[in-house]
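In what follows, a single structure is set out as structure tokens and then discussed.
Here it is, written out as structure tokens:
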């Protein structure tokens, strides 16, 4: 397919398209050749787009009723929950939508890790994705501050105090962040402003993310380069659209269970107590999606090093394309990497659990081991594995294993194996 | 596809385990009540809500505010559903400060439906001073503000007991099995036949606890019934449209030789 | 198009049409809460009425009070003003209404102080009828608040009100 060859059929369409090639873009998006062996783990890109739009729409609506003021924020949230028409629904969708967004983004990231989607030539897609992820965490954190409950207030206090670890200028930086000597009204109003702004930056980055994706095209479960368009691809519309839609609907069922039947299960009871600068809740715990990083932060005994470790745990993901030296993308053909992959999944889950537990005794020891292993995985295991691992033979085209043909002698012995893995 | 569904199932199981874990954390096992508002079609027991309001009004309201409730809420659908006349009569028993009038003076008048519930104290400081330094929390969202929710408040109301030998209590501090740290500054608020229910129900401590917790649950989640109703419809709709989309997808993909 | 499509065109059309239709219904239903949230909320609707003390208003005087975010004119009319309002021939009016219908108690005229043209607040005791005059686009109202000259299409609106006693009016 060549986008340059596209010509709109109508005269008006042609006139417009010559001036602004929107129709070419639309045609490109419809015809975009997609590997036909994408499995359901590839539907989360579409789901994430839906999540972002939902958060922006419900967020704009909540912004119409919310009052960003330390004395009125909590009350205005109750006003939304009680008096605004369907306000309870919109707020619960927004609050649980954040969790759903992170659930989807974690699946999306781990899919990429499994199938090696971050490798050449897709490094830029991956890095943009990591920036989006980082902005998502910042946005979610600031959003959680807005209801001005106890967890909002103390969460904001703890996280902004991270910056006080910076040598010499730490205190000036925190005072600058707060607009005062503690988290207070100026902090709340700037967080509201930024919480409103960042999603639009994320939206812009998502467009770049998709643009960067459309240059090399999708990776696929086999992880091999494919010719496009070819018999290995299908047009994005309607094949992938309808499949993404189906997956989205299943995702929405899970979403709906949370919104309608346990809307507060993912939050903290303490956030229904209005912020009180004189009383700290017994357990300060961030939202579940930040727990692994929180565990890393707490497992380092030094304040500054803890903060550095936490940011490093995200940065190490950014440089992942250069840490993983293996030329083979998909874990299907990397038997040893595959095991380490599941170790990493377990490690991150353990870190998440430790982040929710008090930082003492056995919990702390386990958290430290898990933190060390996290960095070990990326900084030692992956580079070494790329050189030492004996990978399985890779098929020449994705049609081959799917159709069960045996055109390529070199891959014959793996065919049965591959079919099971798919 | 099957693998995908299996993993989804696995994730949901794990999240359920977490759920159990969160509740198992509190010091004593909470008393469980078969609340009418739990479950997919859960609704409030109307009579219990009305009795619960009576308990709130005659017992709790002397110290605890519910400042986010309005008198009009008492007559709204999904709540205690007092008639509008009854709700007006309830409101008119309370005095609110209004004004300033044309001479610049503040004045009191009987409350109207549009007014918020009148608080027992003018401000937090007065509330603290009148209660030996312990602030009686506002009860508007109390059920949502405590781990364990309705079960916890219910357990707390019935959790007063003589302290074990190794716990020494100061004056004005009471022992409660379910309170965080087991020490509470509120004396046991309920006792059998403390009040006389207008509908003739026997006012045992358990009955009053159950009623008042039901009332507080409604106060915290006034749209709970609507939420359950909507949830059921939304999920049924999503299941149906998922099935339709699934068959549409099969149809579309049948145009090419490939499995989905 | 493969073979199977040609064999069963009806079923395929049916499935796709049903899916599209059901999807449209769902999107519509989901859109409603997003729209309805901008309508007046429950706390706004509950503030529908206000009580006004009129004991200090002398004949010929008028007061302006706020009701539902809009000004309400309460005018205690003099004998001359009542007579001039009641003697008008209905045929001369752009929007014929009897003064008897607008002011239940002839001494008291209660109406929304909002010009029916584009929503400005008219000035009191001004204009050709020495009653109300809207400075925005020059609409003249008479002593009954009826439009007599200018671009406004209708008379100023009379809200629902009752005299609770001789010195208090409840509007709304």
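Protein chains in written order, with the working numbering: chain E, -14 to 407; chain U, 590 to 849; chain A, 142 to 313. Ideal Cβ positions, reconstructed from N, Cα and C, are used throughout, including at glycine. Owing to the predicted nature of the structure, the values given are computational and were not obtained by experimental measurement.
Within 7 Å, strictly: CB atoms of residue 735/U and residue 741/U: Start at 1 with the first residue of the second chain, and residue 735/U comes out as number 146. Start at 1 with the first residue of the second chain, and residue 741/U comes out as number 152. The answer is yes: Cβ separation under 7 Å.
Own chain, CB closer than 6 Å to residue 256/A, minus 5 neighbours either side, in chain order: In the third chain, the residue the question calls residue 256/A occupies position 115. Cβ neighbours of residue 256/A beyond the five flanking positions: 263, 275, 280 and 293.
For residue 780/U, the three-state DSSP class (helix, strand or coil): Within the second chain, numbered from 1, the residue matching residue 780/U stands at position 191. Coil.
Runs of alpha helix (DSSP H) wholly within the stretch 2 to 28 of chain E (minimum 4 residues, chain order): As far as the stretch 2 to 28 of chain E is concerned, its whole alpha helix (DSSP H) runs of at least 4 residues are 7 to 16.
Residue interval of the beta strand (DSSP E) (run including residue 250/A): Reading the third chain from its first residue, position 109 is the one you call residue 250/A. First-last of the beta strand (DSSP E) with residue 250/A: 249 to 253.
Interfacial residues, the stretch 830 to 849 of chain U to chain A, with Cβ spacing under 9 Å: With the criterion set as a beta carbon lying under 9 Å from some beta carbon of chain A, the members of the stretch 830 to 849 of chain U are 830, 833, 834, 836, 837, 839, 840, 841, 843, 844, 845 and 846, in sequence order.
Interface flag, residue 703/U vs chain A, CB-CB below 7 Å: Residue mapping note: residue 703/U aligns to position 114 of the second chain, counting from 1. By this cut-off, residue 703/U is an interface position.
Residue 661/U: contacting residues in chain A (beta-carbon distance under 8 Å): Working through the second chain from its first residue, we reach residue 661/U at position 72. Annotation: Cβ neighbours of residue 661/U in chain A (cutoff 8 Å, chain order): 183 and 187.
Any chain E beta carbon closer than 7 Å to residue 154/A: For the purposes of this step, residue 154/A is taken as residue 13 along the third chain, with counting starting at 1. No, no contact with chain E.
Assigned secondary structure, residue 134/E (DSSP; H/G/I helix, E/B strand, else coil): Taking the first chain and counting its residues from 1, the one referred to as residue 134/E is at position 149. Three-state DSSP puts residue 134/E in a strand.
Min CB distance residue 657/U to chain A below 7 Å: The residue given as residue 657/U occupies position 68 in the second chain. Under the Cβ distance rule, residue 657/U does not count among the residues neighbouring chain A, no pair being separated by less than 7 Å.
CB contact check: residue 244/A to chain U, cutoff 7 Å: Looking up residue 244/A in the third chain gives position 103. No, its Cβ sits nowhere closer than 7 Å to a Cβ of chain U.
Residue 49/E versus residue 762/U: straight-line alpha-carbon distance, rounded: The residue given as residue 49/E occupies position 64 in the first chain. The residue given as residue 762/U occupies position 173 in the second chain. Inter-residue distance for residue 49/E and residue 762/U is about 45 Å (C-alpha atoms, whole angstroms).
Between the CA atoms of residue 181/A and residue 79/E - distance to the nearest angstrom: By 1-based counting over the first chain, the position of residue 79/E is 94. By 1-based counting over the third chain, the position of residue 181/A is 40. Going from the Cα of residue 79/E to the Cα of residue 181/A covers about 21 Å.
Chain U contact residues for residue 194/A, given Cβ-Cβ distances below 8 Å: What you label residue 194/A is simply residue 53 of the third chain in a count that begins at 1. Identification of chain U residues near residue 194/A by a Cβ-Cβ cut-off of 8 Å yields 690 and 691, ordered along the chain.
Neighbour-count burial assignment, residue 372/E, 16 or more Cβ in a 10 Å radius: Residue 372/E sits at position 387 when you count from the first residue of the first chain. Exposed, since its Cβ has fewer than 16 Cβ neighbours within 10 Å.
Residue 232/A versus residue 161/A - alpha carbon distance: Residue numbering aside, residue 232/A sits at position 91 when the third chain is read from its first letter. Residue numbering aside, residue 161/A sits at position 20 when the third chain is read from its first letter. Going by the C-alpha atoms only, they are around 58 Å apart.
Check whether residue 784/U and residue 794/U have beta carbons under 7 Å apart: Taking the second chain and counting its residues from 1, one reaches residue 784/U at position 195. Taking the second chain and counting its residues from 1, one reaches residue 794/U at position 205. No, they are not a contact pair.
Nonlocal neighbours in the same chain, by C-beta distance under 7 Å from residue 73/E, ignoring five residues either side: On the first chain, position 88 is the one that residue 73/E refers to. Around residue 73/E: 66.
Option nearest residue 411/E by Cα separation, candidates 362/E, 215/E and 257/E: Limits of chain E in this structure are -14 at one end and 407 at the other, which puts residue 411/E out of reach.
Residue 397/E to residue 382/E span [Cα, whole Å]: Within the first chain, the letter at position 412 stands for residue 397/E. Within the first chain, the letter at position 397 stands for residue 382/E. For residue 397/E, the predicted model reports a pLDDT of 42, less than 50, meaning its position is unreliable; a value from the coordinates is still stated below. If you take the alpha carbons of residue 397/E and residue 382/E, they lie about 13 Å apart.
Inter-stretch contact (C-beta, 8 Å, three-pair minimum) for the stretch 700 to 714 of chain U and the stretch 770 to 779 of chain U: As far as the Cβ criterion goes, the stretch 700 to 714 of chain U does not touch the stretch 770 to 779 of chain U, which means the pair count is below three.
Host beta strand (DSSP E) of residue 694/U (start-end): Locating residue 694/U in the second chain gives position 105, where the first residue counts as 1. Per DSSP, residue 694/U belongs to no beta strand (DSSP E) and is neither H nor E.
N-terminal and C-terminal residue of the beta strand (DSSP E) that residue 51/E is part of: Here residue 51/E is taken as the residue at index 66 of the first chain, counted from 1. Careful: residue 51/E lies outside any beta strand (DSSP E) and carries neither H nor E.
Rounded straight-line distance, which links the Cα of residue 197/A to that of residue 692/U: Walking along the second chain from the start, residue 692/U turns up at place 103. Walking along the third chain from the start, residue 197/A turns up at place 56. Cα to Cα, the separation comes out at about 11 Å.
Pair within 7 Å by beta-carbon distance, residue 834/U and residue 23/E: For the purposes of this step, residue 834/U is taken as the residue at position 245 of the second chain. For the purposes of this step, residue 23/E is taken as the residue at position 38 of the first chain. No, Cβ-Cβ distance for residue 834/U and residue 23/E is not below 7 Å.
Cβ-Cβ distance between residue 814/U and residue 632/U below 7 Å: Working through the second chain from its first residue, we reach residue 814/U at position 225. Working through the second chain from its first residue, we reach residue 632/U at position 43. Cβ atoms of residue 814/U and residue 632/U: closer than 7 Å.
Within 7 Å of chain C by C-beta, residues of the stretch 162 to 173 of chain A in sequence order: Here chain C cannot be found, since the structure's protein chains are E, U and A.
Delimiting residues of the beta strand (DSSP E) encompassing residue 206/A: Start at 1 with the first residue of the third chain, and residue 206/A comes out as number 65. Boundaries of the beta strand (DSSP E) around residue 206/A: 203 to 208.
Alpha carbon of residue 168/E to alpha carbon of residue 309/A, nearest angstrom: Along the first chain, read from residue 1 onward, the residue named residue 168/E stands at position 183. Along the third chain, read from residue 1 onward, the residue named residue 309/A stands at position 168. Each residue's Cα considered, the two are about 49 Å apart.
Supposed contact pair residue 827/U and residue 237/E - C-beta distance, whole angstroms, cut 8 Å: Translated into positions along the first chain, residue 237/E becomes position 252. Translated into positions along the second chain, residue 827/U becomes position 238. In this structure residue 237/E is in contact with residue 827/U, their Cβ atoms being roughly 5 Å apart against a cut-off of 8 Å.
Residue 235/E at chain A interface by Cβ criterion, 7 Å: Taking the first chain and counting its residues from 1, the one referred to as residue 235/E is at position 250. No - not a single Cβ of chain A is within 7 Å of the one on residue 235/E.
Alpha-carbon to alpha-carbon, residue 311/E and residue 339/E: As a position in the first chain, residue 339/E is number 354, starting the count at 1. As a position in the first chain, residue 311/E is number 326, starting the count at 1. Distance from the CA of residue 339/E to the CA of residue 311/E, rounded to the nearest whole angstrom, comes to 32 Å.
C-beta neighbour in chain A for residue 826/U, strict 7 Å: Along the second chain, one-based indexing puts residue 826/U at 237. The C-beta of residue 826/U comes closer than 7 Å to at least one C-beta of chain A.
Boundaries of the alpha helix (DSSP H) in which residue 180/E is found, first to last residue: Indexing the first chain from 1 puts residue 180/E at position 195. Bounds of the alpha helix (DSSP H) holding residue 180/E are 170 to 199.
N-terminal and C-terminal residue of the beta strand (DSSP E) that residue 281/A is part of: Position 140 of the third chain, counted from the first residue, corresponds to residue 281/A. Per DSSP, the unbroken beta strand (DSSP E) holding residue 281/A starts and ends at 280 to 282.
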